[in-house]
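Novice: First residue of the sequence shown: 4, per my numbering; consecutive thereafter.
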Amino acid sequence: MDKEINRRTFLKGITGSAVGLAAMGMMGGVAAAEEQEKAEPAVEGKKQFSGVHNIRKVTDDLVYLGVSDRRIELFENVYPIARGISYNSYLLLDEKTVLFDTVDRSVTGQFFENLEYALDGRKLDYLIVNHMEPDHSSAIAQVVHRYPEVKLLCTELAVSMIAQFHEIDIAKHGYTVTEGMELSTGRHRLIFTMAPMVHWPEVMMTYDATDKILFSADAFGTFGAPGGNLFADEVNFETEWLADARRYYTNIVGKYGPQVQDVLAKAAALDISMICPLHGPIWRENIGWFIDKYDKWSSYTPEEDAVLVVYGSVYGGTENAAGVLASKLSEGGARNVTVLDVSKTHVSELIAESFRCSHIVLASMTYNMGIFTPMKNFLLDLQAHNLQNRSYALVENGSWSPASGRLMQEILDQMPGMKQIGSTVTVRSTTNEESYASLCALAEEIIASLHGTLSDAPLTQAPAAAKWRCTVCGYVYEGDSLPADYTCPLCGVGADKFEQIS
Numbered sequence: 004m005d006k007e008i009n010r011r012t013f014l015k016g017i018t019g020s021a022v023g024l025a026a027m028g029m030m031g032g033v034a035a036a037e038e039q040e041k042a043e044p045a046v047e048g049k050k051q052f053s054g055v056h057n058i059r060k061v062t063d064d065l066v067y068l069g070v071s072d073r074r075i076e077l078f079e080n081v082y083p084i085a086r087g088i089s090y091n092s093y094l095l096l097d098e099k100t101v102l103f104d105t106v107d108r109s110v111t112g113q114f115f116e117n118l119e120y121a122l123d124g125r126k127l128d129y130l131i132v133n134h135m136e137p138d139h140s141s142a143i144a145q146v147v148h149r150y151p152e153v154k155l156l157c158t159e160l161a162v163s164m165i166a167q168f169h170e171i172d173i174a175k176h177g178y179t180v181t182e183g184m185e186l187s188t189g190r191h192r193l194i195f196t197m198a199p200m201v202h203w204p205e206v207m208m209t210y211d212a213t214d215k216i217l218f219s220a221d222a223f224g225t226f227g228a229p230g231g232n233l234f235a236d237e238v239n240f241e242t243e244w245l246a247d248a249r250r251y252y253t254n255i256v257g258k259y260g261p262q263v264q265d266v267l268a269k270a271a272a273l274d275i276s277m278i279c280p281l282h283g284p285i286w287r288e289n290i291g292w293f294i295d296k297y298d299k300w301s302s303y304t305p306e307e308d309a310v311l312v313v314y315g316s317v318y319g320g321t322e323n324a325a326g327v328l329a330s331k332l333s334e335g336g337a338r339n340v341t342v343l344d345v346s347k348t349h350v351s352e353l354i355a356e357s358f359r360c361s362h363i364v365l366a367s368m369t370y371n372m373g374i375f376t377p378m379k380n381f382l383l384d385l386q387a388h389n390l391q392n393r394s395y396a397l398v399e400n401g402s403w404s405p406a407s408g409r410l411m412q413e414i415l416d417q418m419p420g421m422k423q424i425g426s427t428v429t430v431r432s433t434t435n436e437e438s439y440a441s442l443c444a445l446a447e448e449i450i451a452s453l454h455g456t457l458s459d460a461p462l463t464q465a466p467a468a469a470k471w472r473c474t475v476c477g478y479v480y481e482g483d484s485l486p487a488d489y490t491c492p493l494c495g496v497g498a499d500k501f502e503q504i505s
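Below is the structure:
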């Protein structure tokens, strides 16, 4: 798959006659899929176990084929999802038929019921692979086997991934697309735009310039399985879905804020009337409100003027100190103070709340001369997710040698734009009058900060290190200089493929 199709001749070559296909370098037929992926049933009857189709119309010629999984307990075997998850897939029925992504292997039965019914005997002309993560690409081999004339359109980086996941000869079936390349399917004009590291390096998005629909891959998705309502305006999204959307973004994509900012800049140049993500509801109203959330999350700007208190306690002394501080914050006028036990609250919720709030209080006992283990893990996770630009306060506890405050500070010092409020409050086993007074004073300083420092701009910080971006996959390297022998950890190209961006 080493031939990239010329933008101007892409459509004519790929959709035209056999002569046209040969001229564009058609790459042959399809290797046989694995035995278990055969499409035909062994006996007459239903072709799938799942039953009847379950599809929804998105527009007059766009069909939703997605399937929800409400049995799954952990997304990516990490994140609790009590409300399940949806795996979204879409089919465009134009002069040519176009399938946008597939689904997770756990729901392929229902997916193929949906696809076969929606095609209604028509052949499948294209499969656009916006994202190669297995929860969206597991059915590629089966699609190719069932519809052997289908053409796969994907980024160059997706080519090797398809070969890694599927025993099909992608070189005989696929075409690579690049930034700005267009495909006409009849009435519709599809434009491909690259979105590397949102949140895999091969990701792209597809924009339907005719109906102004953005197929956004994992961007603008959310945890949760829709309860029959397909569109975000059909549910109480702000009260019932926003927390899951925030937790999804901050934990899945949160590390890649600069790359998301690049994609948002591209989206700003498009006239978007609908966003079709790969998880969660479809957006057709109030789109700007949700994009603003993404802008804040990806620029590490606090979403709300609010205080999060996270504590780690064994025998209750640190818990008491956190409770006292929270009460004093409330008495001082702070609204919506959130108090969470680091040992009982899943870290994905702690990460999401940290992205939401402008101020974070970390209260930890000293454990084996270090930070209480769940608190340390949380802080390292915050750092790994690139959180920055927050005000924070520290409370430490220790029965004989308090050390957690200093050690928490060392981790926070490595995170850009973090500003400490007040001095670290030290508690000796349990709160006494002296530490109580210190907690009251710290609460007053946090209240003063809440009233005076939060703005739309990040907090003042020391000059950031220089940054270089990989022009192939979008990975960003930070440092004083880019080593001449540096290789990208994601795609393996050398330093000559990097461009300085700051």
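Every residue gets a Cβ at the ideal spot worked out from N, C-alpha and C, and that includes glycine.
How is residue 111 classed by DSSP in three states: helix, strand or coil?
Specialist: As a position in the sequence shown, residue 111 is number 108, starting the count at 1. Residue state, collapsed to three classes: helix.
Novice: Got a sec? Which residues, its chain only, sit under 6 Å from residue 46 by beta carbon, not counting five neighbours each side?
Specialist: By one-based count along the sequence shown, residue 46 stands at place 43. In this predicted model, residue 46 has a pLDDT of only 49, less than 50, meaning its place in the structure is not dependable; the value taken from the coordinates is given anyway. Cβ neighbours of residue 46 beyond the five flanking positions: none.
Novice: Buried or exposed for residue 270, please, with buried defined as at least 16 other CB atoms from any protein chain shown within 10 angstroms of its CB.
Specialist: Counting from one through the sequence shown, the residue named residue 270 turns up at place 267. When all chains shown are included, residue 270 counts as buried.
Novice: What residue range does the alpha helix (DSSP H) around residue 384 cover?
Specialist: On the sequence shown, position 381 is the one that residue 384 refers to. Run containing residue 384: 376-387, per the alpha helix (DSSP H) assignment.
Novice: Could you spell out the range, first to last residue, of the beta strand (DSSP E) harbouring residue 183?
Specialist: Mapped onto the sequence shown, residue 183 falls at position 180. From DSSP, residue 183 is part of no beta strand (DSSP E); its letter is neither H nor E.
Novice: On the DSSP letters alone, give me the boundaries of the alpha helix (DSSP H) that residue 80 sits inside.
Specialist: For the purposes of this step, residue 80 is taken as residue 77 along the sequence shown, with counting starting at 1. That residue, residue 80, is in no alpha helix (DSSP H); it is neither H nor E in DSSP.
Novice: Since residue 473 is in the beta strand (DSSP E), which residue starts that stretch and which ends it?
Specialist: As a working mapping, residue 473 is identified with position 470 in the sequence shown. Residue 473 -> beta strand (DSSP E) spans 469-473.
Novice: Nearest to residue 315 by CA position, among 480, 492 and 408, is which residue?
Specialist: Counted from its first residue, the sequence shown places residue 315 at position 312. Among 480, 492 and 408, the Cα nearest to that of residue 315 belongs to 408.
Novice: Is the beta carbon of residue 504 less than 8 Å from the beta carbon of residue 335?
Specialist: As a position in the sequence shown, residue 504 is number 501, starting the count at 1. As a position in the sequence shown, residue 335 is number 332, starting the count at 1. No, Cβ-Cβ distance for residue 504 and residue 335 is not below 8 Å.
Novice: Could you tell me the boundaries of the alpha helix (DSSP H) in which residue 331 lies?
Specialist: Taking the sequence shown and counting its residues from 1, one reaches residue 331 at position 328. Taken as a continuous stretch (DSSP letters only), the alpha helix (DSSP H) holding residue 331 covers 320-334.
Novice: Determine the DSSP secondary structure at residue 240, reduced to helix, strand or coil.
Specialist: Within the sequence shown, numbered from 1, the residue matching residue 240 stands at position 237. Reduced to three states, the DSSP call for residue 240 is helix.
Novice: Determine the extent of the beta strand (DSSP E) in which residue 195 is found, giving its start and end residues.
Specialist: Indexing the sequence shown from 1 puts residue 195 at position 192. Note, residue 195: beta strand (DSSP E), 192-197.
Novice: Quick test of your reading: residue 355 and residue 254, contact by CB under 8 Å. State the CB separation rounded to the nearest angstrom.
Specialist: On the sequence shown, position 352 is the one that residue 355 refers to. On the sequence shown, position 251 is the one that residue 254 refers to. So it is a contact: roughly 7 Å between Cβ atoms.
Novice: Using C-beta distances below 7 Å, list every residue in its chain close to residue 349, excluding the 5 sequence neighbours before and after it, in chain order.
Specialist: Here residue 349 corresponds to residue number 346 of the sequence shown, with the count starting at 1. Answer for residue 349: 83, listed in chain order.
Novice: Hey, how far is the Cα of residue 283 from the Cα of residue 311?
Specialist: Translated into positions along the sequence shown, residue 283 becomes position 280. Translated into positions along the sequence shown, residue 311 becomes position 308. Cα to Cα, the separation comes out at about 27 Å.
Novice: Decide if the stretch 135-153 is in contact with the stretch 102-120; the criterion is three or more beta carbon pairs, one per stretch, under 8 Å apart.
Specialist: Counting Cβ pairs under 8 Å, three or more are found: they touch.
Novice: DSSP on residue 277, reduced to helix/strand/coil?
Specialist: Your numbering for residue 277 matches position 274 in the sequence shown. Residue 277 falls in the strand class under three-state DSSP.
Novice: On the three-state DSSP scale, how would you describe residue 57?
Specialist: On the sequence shown, position 54 is the one that residue 57 refers to. Note: residue 57 maps to coil in three-state DSSP.
Novice: Around the Cβ of residue 484, are there at least 16 other Cβ atoms within 10 angstroms (buried) or fewer (exposed)?
Specialist: Taking the first residue of the sequence shown as position 1, residue 484 is located at position 481. Flag for residue 484 reads exposed.
Novice: So what does residue 368 bridge to, in DSSP terms?
Specialist: Along the sequence shown, read from residue 1 onward, the residue named residue 368 stands at position 365. DSSP output for residue 368 lists 400 as bridge partner(s).
Novice: Since residue 365 and residue 411 should fall inside the 8 Å C-beta cutoff, what is the C-beta to C-beta distance between them, to a whole number of angstroms?
Specialist: Here residue 365 refers to the residue found at position 362 of the sequence shown. Here residue 411 refers to the residue found at position 408 of the sequence shown. Their Cβ separation, rounded to whole angstroms, is 6 Å, which keeps residue 365 and residue 411 in contact under 8 Å.
Novice: Can you list, in chain order, the residues of its chain with a C-beta nearer than 6 Å to that of residue 496? Leave out the 5 residues immediately preceding and following it.
Specialist: Locating residue 496 in the sequence shown gives position 493, counting from the first residue. So the qualifying residues of the chain are 475.
Novice: Does DSSP put residue 260 in a helix, a strand or coil?
Specialist: To locate residue 260, count along the sequence shown from 1; it is residue 257. Residue 260 falls in the helix class under three-state DSSP.
Novice: Sort out for me which residues DSSP pairs residue 441 with in a bridge.
Specialist: Counting from 1 along the sequence shown, the entry for residue 441 is found at position 438. DSSP lists no partner for residue 441.
Novice: Starting from residue 67, trace the beta strand (DSSP E) both ways and give me its first and last residue.
Specialist: Position 64 of the sequence shown, counting from 1, holds the residue named residue 67. Per DSSP, residue 67 belongs to the beta strand (DSSP E) from 65-67.
Novice: Kindly give me the distance between the Cβ atoms of residue 296 and residue 388, rounded to whole angstroms, as I take these residues to be in contact under 8 Å.
Specialist: The sequence position of residue 296 within the sequence shown is 293, counting from 1. The sequence position of residue 388 within the sequence shown is 385, counting from 1. Their Cβ separation, rounded to whole angstroms, is 16 Å, which puts residue 296 and residue 388 out of contact at 8 Å.
Novice: Does the structure place the stretch 319-336 close enough to the stretch 435-444 that three or more beta carbon pairs sit under 8 Å?
Specialist: yes
Novice: What three-state label does DSSP hand residue 361 in the structure shown?
Specialist: On the sequence shown, residue 361 is found 358 positions in, with the first residue counted as 1. Of the three classes helix, strand and coil, the one that applies to residue 361 here is strand, per DSSP.
Novice: What is the C-beta distance between residue 101 and residue 128, in whole angstroms, given that I count them as a contact (C-beta under 8 Å)?
Specialist: Taking the first residue of the sequence shown as position 1, residue 101 is located at position 98. Taking the first residue of the sequence shown as position 1, residue 128 is located at position 125. Yes, they are in contact, since the Cβ atoms of residue 101 and residue 128 sit about 7 Å apart, within 8 Å.
Novice: Less than 8 Å between the beta carbons of residue 150 and residue 58, yes or no?
Specialist: Looking up residue 150 in the sequence shown gives position 147. Looking up residue 58 in the sequence shown gives position 55. For residue 150 and residue 58, no; Cβs fall outside 8 Å.
Novice: I'd like the list of long-range same chain contacts for residue 438, defined as Cβ closer than 8 Å, with 5 residues on each side in sequence excluded.
Specialist: Working through the sequence shown from its first residue, we reach residue 438 at position 435. 324, 428, 429, 430 and 431, listed in sequence order.
Novice: If we ignore side chains and look at the alpha-carbon of each, how far apart do residue 346 and residue 249 end up?
Specialist: As a position in the sequence shown, residue 346 is number 343, starting the count at 1. As a position in the sequence shown, residue 249 is number 246, starting the count at 1. Those two C-alpha atoms are separated by around 21 Å.
Novice: If I'm right that residue 245 touches residue 303 with Cβ under 8 Å, what's the distance once you round it to whole angstroms?
Specialist: Within the sequence shown, the letter at position 242 stands for residue 245. Within the sequence shown, the letter at position 300 stands for residue 303. Going by Cβ atoms, the distance from residue 245 to residue 303 rounds to 18 Å, so no, they are not a contact pair.
Novice: Tell me the DSSP secondary structure of residue 286 in three-state form.
Specialist: Position 283 of the sequence shown holds residue 286. Looking at residue 286 - three-state DSSP - the assignment turns out to be strand.
Novice: Judging by CA-CA distance, which residue of 494, 501, 498 and 502 is the nearest neighbour of residue 163?
Specialist: Within the sequence shown, the letter at position 160 stands for residue 163. For the residues 494, 501, 498 and 502, the minimum Cα distance to residue 163 belongs to 494.
Novice: With residue 503 as the anchor, note down where its beta strand (DSSP E) starts and where it stops.
Specialist: Start at 1 with the first residue of the sequence shown, and residue 503 comes out as number 500. 501-503 is the extent of the beta strand (DSSP E) around residue 503.
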